[in-house]
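Be aware that the sequence shown starts at 0, since it is given in numbering that gives the first Met the number 0, and climbs by one per residue.
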Amino acid sequence: MFIVELTYIQPLAVVDQFVAEHREFLERHYASGQFLLSGRKEPRTGGFILANVASRDVLEAILQQDPFQREAVAQYTVTEFLPSMAAPALVGLLAS
0 MFIVELTYIQ PLAVVDQFVA EHREFLERHY ASGQFLLSGR KEPRTGGFIL
50 ANVASRDVLE AILQQDPFQR EAVAQYTVTE FLPSMAAPAL VGLLAS
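Right, dumping it as structure tokens:
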């Protein structure tokens, strides 16, 4: 599992030009089961994505499709983690 932190490197006026396309990107990967959660930071300086994919290479290939990456709107920090405890509603995310 991975946490992806996006940090905007362009003014919000530029970010806003690509938000609709970025949301379409997110929706595709929710539909495939690869993204579990996402949302913006507050204050609005970027966002986070919780991704459940097979490897960092797979995730990097997915992130290359993000319009925020294509248009150099955000920089990405990827952190892999192995969840070992979860609330009852999220137990299915634990590795067996």
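Virtual Cβ for every residue (Gly too), placed ideally from N, Cα, C.
Item                                                                               : Value
Inter-residue Cα distance where the pair is Pro87 and Ile61                        : 29 Å
Option nearest Phe80 by Cα separation, candidates Ala71, Thr44, Asn51              : Asn51
Minimum length 3: unbroken beta strand (DSSP E) runs contained in the segment 4-89 : 34-39, 45-50, 73-79
Burial state of Asp65 (16 or more Cβ within 10 Å)                                  : buried
Beta-carbon gap between Glu59 and Val77 smaller than 9 Å                           : yes
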